[in-house]
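Heads up: the structure comes next, in C-alpha cells.
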Amino acid sequence: MEPRFVPYRPPRLDEREMLERAQSFHALMAARRSVRHFSADPVPRELIELAIRTAATAPSGAHRQPWRFVAVSDPAVKRRIREAAETEERLSYQGGRMPPEWLEALAPLGTGWKKPYLETVPWLVVVFEEVHGWKDDGKPRKNYYVKESVGIACGIFIAALHEMGLSTLTHTPSPMGFLREILGRPKNERPYILFPVGYAAPDAEVPDIRRKSLEDVTLWNPVVEDTR
Ligand code: IYR
C-alpha cells in the first residue's frame, strides 16, 4: 500500500515553558506509587474509558495496536478472578514455585499470596497482548514488537490514571492463563498485566523504598575506543 502523509505541527514552546512543564510532569509522576490498599468507592466508567483511550495512543510495531483492555466491574467476575489468582499465587509463594532468591527480592515489598483487593476495587482492567491478528482469508496476520508495544501502552495507562487521581498496581499473577478463560478471550490473545484500579484507601500504606538516582540510571556519551 502507498504511504500517505498529513501535516504534523506540534507546538514549539519556549525553553522556559518547556522546563516548567517538564518539572511539573516529573513532580506528578514522581509522586506515583503502586497501591495494594484500595477504597471500595465507585469510579465512573467514563474515567476508565479515558485512561484506555489514552493508553491506546501508544506507538506500536507496524502500527498494529496489539492491545485489548478488558474492564471488569461485575462483582461475580472480580470474585472469580480473585479466587483463581490466589490459587496460583499460593502455589507460587508457598508451593515452591518461586525460588528463595525471588521471595527474598520481594520481602521488602511485603507482598503475599492473598489478593483481597482484586475483589474490593471498583475496576479490574486486564490488558491482553494480541499475539497475532487475522487476515481477510482467515489466516493469521503477524504483529510486531508486541511486548514492547503493549508495555508502552500500559505505561501510558498508569500515567493517565495517576494524572486523574486514581491508583493502580501492575499485578502479574503467575501463570495468568486463567484470565483468558474467565474473560472468554480467544487463543490469539495472551494476558499481559492485571490492573486493579480505584482510589487509594484513606489509610493506604506503601513500602518505604527509594528510586534510583539520575546518575544511577543514565550515561551521557560514554566513550568506547573504536578498535576497527
Ligand atoms: N506475582 C506475584 C509476585 C510478585 C512478583 C514481582 I517481580 C513483584 O514485583 C511483586 C509481586 C504477586 O503479584 O504477588
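In this text, residue positions in the sequence shown follow numbering that gives the first Met the number 0: the first is 0, and each later residue adds one. Ideal placement from N, C-alpha and C gives every residue a C-beta, glycine not left out.
By the 16-neighbour rule on beta-carbons within 10 angstroms, residue 123 is buried.
Residue ranges of uninterrupted beta strand (DSSP E) with 3 or more members, entirely inside the stretch 130-175 and ordered along the chain, are 131-133, 139-141. Residue pairing of residue 125 in beta bridges, as defined by DSSP: 69, 193.
Exclusion of the five residues before and after residue 196 leaves 42, 47, 50, 120, 121, 122, 123, 124, 160, 165, 166, 167 as the residues of its chain whose Cβ lies within less than 8 Å of its Cβ.
In the displayed model, residue 37 falls within a strand according to three-state DSSP.
Following the DSSP letters along the chain, one finds residue 212 in no alpha helix (DSSP H), marked with neither H nor E. Taking the Cα positions, residue 82 is about 50 Å away from residue 220. Closest in alpha carbon position to residue 44, among 69, 24, 37, 27, is 69. Fewer than three Cβ pairs drawn from the stretch 97-110 and the stretch 131-142 lie within less than 8 Å of each other, which leaves the two stretches out of contact. In this structure, residue 31 lies away from residue 205, with their beta-carbon atoms at least 8 Å apart. Ligand 1 has no heavy atom closer than 7 Å to the beta-carbon of residue 118.
In the pairwise beta carbon analysis, the stretch 167-184 is classified as touching the stretch 83-98: at least three pairs are separated by under 8 Å. Contact between residue 126 and residue 191 holds, with the beta-carbon distance rounding to 5 Å and staying under 8 Å. Judged by pairs of C-beta atoms under 8 Å, the stretch 59-76 touches the stretch 147-155, as three or more such pairs exist. The DSSP-derived three-state label of residue 199 is strand. Relative to ligand 1, even the nearest heavy atom lies 7 Å or more away from the CB of residue 100. By the CB criterion at 8 Å, residue 132 and residue 63 fall inside the cutoff. For residue 208, the number of other beta carbons within 10 angstroms of its own is below 16, and it is reported as exposed.
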